[in-house]
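K.L.:
Pasting in a structure now, in structure tokens, and then I'll have a few things to ask.
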Amino acid sequence: MRSSNPVFSRRGFSRDNGYAGFNTAPQAGGPAVGGNPYAQGAGNAYATNPYAPADAQVGAPPQAPAPTSVMTMDDVVARTAMTLGTVVLTAILSWVLLPVDPANMGRSYGIAIGAALVAMVLALVQSFKRKPSPALILAYAGFEGVFLGVISSAVSTYIADGVVAQAVLGTMAVFGGVLFAYKMRWIRVTRRFYGFVMAAAMGFLLLMAVNLLFAVFAGGDGLGFRSGGLGILFGVIGIILGACFLALDFKQVEDGINYGAPREESWLAAFGLTLTLVWIYLEMLRLLSILQGDD
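Numbers 0 to 294, taken from numbering that gives the first Met the number 0, label the letters of the sequence shown in order.
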């Protein structure tokens, strides 16, 4: 399965490079029949586990990997906690050590922009790697935290005091709400859902890129997508898209566990969840800043 978030495309839990789709979830106690999104080859009596040995007998039930080698929910939680913890720690340190005040503003902003560019490059490198690199993922989290710390400090200092805590709580609320809805099966991740979310995200990013170009060359807020009524609308859309990508991330994790993905793939889950949560936090921070700035 190939899952993506609003910023970067990343390899999912499959051995091929294509998107496998979401047709039928595996059944507890045995392999899925017919609609297994990881199936390889047609006409097998059982859907083939993509992580089974290459010489496994065709048509036979896939052999379960050794318990110590497969990804579990505990692995995903632990790796995600490490990655997000790195983001939070470096954000706090950058907030304290890189104050956004008149005497240090240029230096702080310069470091933040540099950190954001480095984080983007590291995320792109990991996205195109066939295997997850824990060092690369944690390095991305560290540089991303520096960027978030400076930006959050600037918003809290010059736009709306206390908005950062509200944005964090809002991000946690979105995460908890989507997780609950996904577990209750109120959200069903299908191929159509995936296609709709990807198309909407591409359109959203294209509009934001055009707005940025107008802002750079024409000055001001460009086309107005980042302030006022349009800013509020696009902030809400951005958060909704982030919530949709959380559902894709949850599906990716669920399929990886059910189909016996290698334990190292839990780093990919942590990487994807971190990217999505950073996206939601930034959109939440911008939306709340607009709302409080208009008061």
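For each residue, glycine too, the CB sits at the ideal point set by N, CA and C.
Give the range of the alpha helix (DSSP H) segment to which Lys-250 is assigned.
P.N.:
As a first step, residue 250 is located in the sequence shown; it is residue number 251 there, counting from the start. Counting along the chain, the alpha helix (DSSP H) containing Lys-250 begins and ends at 227-257.
K.L.:
Which of helix, strand or coil does DSSP assign to Pro-133?
P.N.:
The count along the sequence shown starts at 1 and reaches residue 133 at position 134. Pro-133 falls in the helix class under three-state DSSP.
K.L.:
Any idea what DSSP makes of Val-188, helix, strand or coil?
P.N.:
In the sequence shown, counting from the first residue as 1, residue 188 sits at position 189. If DSSP states are grouped into helix, strand and coil, Val-188 belongs with coil.
K.L.:
Am I right that Val-99 and Thr-156 are in contact with their C-beta atoms under 8 Å? What's the rounded C-beta distance?
P.N.:
Position 100 of the sequence shown, counted from the start, is the residue given in the question as residue 99. Position 157 of the sequence shown, counted from the start, is the residue given in the question as residue 156. Correct: roughly 6 Å between the Cβ atoms.
K.L.:
Assuming Ala-172 is part of the alpha helix (DSSP H), what are its boundary residues?
P.N.:
To locate residue 172, count along the sequence shown from 1; it is residue 173. If you look at Ala-172, you'll find it in the alpha helix (DSSP H) that goes 162-182.
K.L.:
Taking C-alpha atoms, which residue in Val-149, Gly-237, Met-197, Gly-227 lies nearest to Ala-111?
P.N.:
Here residue 111 corresponds to residue number 112 of the sequence shown, with the count starting at 1. The shortest Cα separation from Ala-111 among Val-149, Gly-237, Met-197, Gly-227 belongs to Val-149.
K.L.:
For Val-196, collect the residues of the same chain with a Cβ closer than 6 Å to its Cβ; drop the 5 residues on either side in sequence, then sort them by chain order.
P.N.:
The count along the sequence shown starts at 1 and reaches residue 196 at position 197. Excluding sequence neighbours, Val-196 sits near Cys-243.
K.L.:
I need the straight-line Cα distance from Pro-133 to Trp-266, nearest angstrom please.
P.N.:
For the purposes of this step, residue 133 is taken as the residue at position 134 of the sequence shown. For the purposes of this step, residue 266 is taken as the residue at position 267 of the sequence shown. The alpha-carbon atoms of Pro-133 and Trp-266 are separated by roughly 6 Å.
K.L.:
Could you check which residue in Val-277, Leu-290, Leu-97, Asn-210 has the C-alpha nearest to that of Ala-140?
P.N.:
In the sequence shown, counting from the first residue as 1, residue 140 sits at position 141. Among Val-277, Leu-290, Leu-97, Asn-210, the Cα nearest to that of Ala-140 is on Val-277.
K.L.:
Would you call the segment 241-261 in contact with the segment 191-209, where contact means no fewer than 3 C-beta pairs closer than 8 Å?
P.N.:
yes
K.L.:
Check the DSSP bridge columns for Val-124 and list the partner residues they point to.
P.N.:
Taking the sequence shown and counting its residues from 1, the one referred to as residue 124 is at position 125. Note: Val-124 sits in no beta bridge, so no partner.
K.L.:
Less than 8 Å between the CB atoms is what I'm expecting for Arg-285 and Gly-234, so what's the real figure, rounded?
P.N.:
Start at 1 with the first residue of the sequence shown, and residue 285 comes out as number 286. Start at 1 with the first residue of the sequence shown, and residue 234 comes out as number 235. Confirmed, Cβ separation roughly 5 Å.
K.L.:
Would you kindly work out how many angstroms separate the C-alpha atoms of Leu-206 and Ser-68, rounded to a whole number?
P.N.:
Counting from 1 along the sequence shown, the entry for residue 206 is found at position 207. Counting from 1 along the sequence shown, the entry for residue 68 is found at position 69. For Leu-206 and Ser-68, the distance between alpha carbons rounds to 43 Å.
K.L.:
Classify Met-72 as buried or exposed, calling it buried when 16 or more other Cβ atoms lie within 10 Å of its own Cβ.
P.N.:
Start at 1 with the first residue of the sequence shown, and residue 72 comes out as number 73. Classification for Met-72: exposed.
K.L.:
I'd like the list of long-range same chain contacts for Phe-142, defined as Cβ closer than 6 Å, with 5 residues on each side in sequence excluded.
P.N.:
Mapped onto the sequence shown, residue 142 falls at position 143. Answer for Phe-142: Ala-114, Val-117, Ala-118, listed in chain order.
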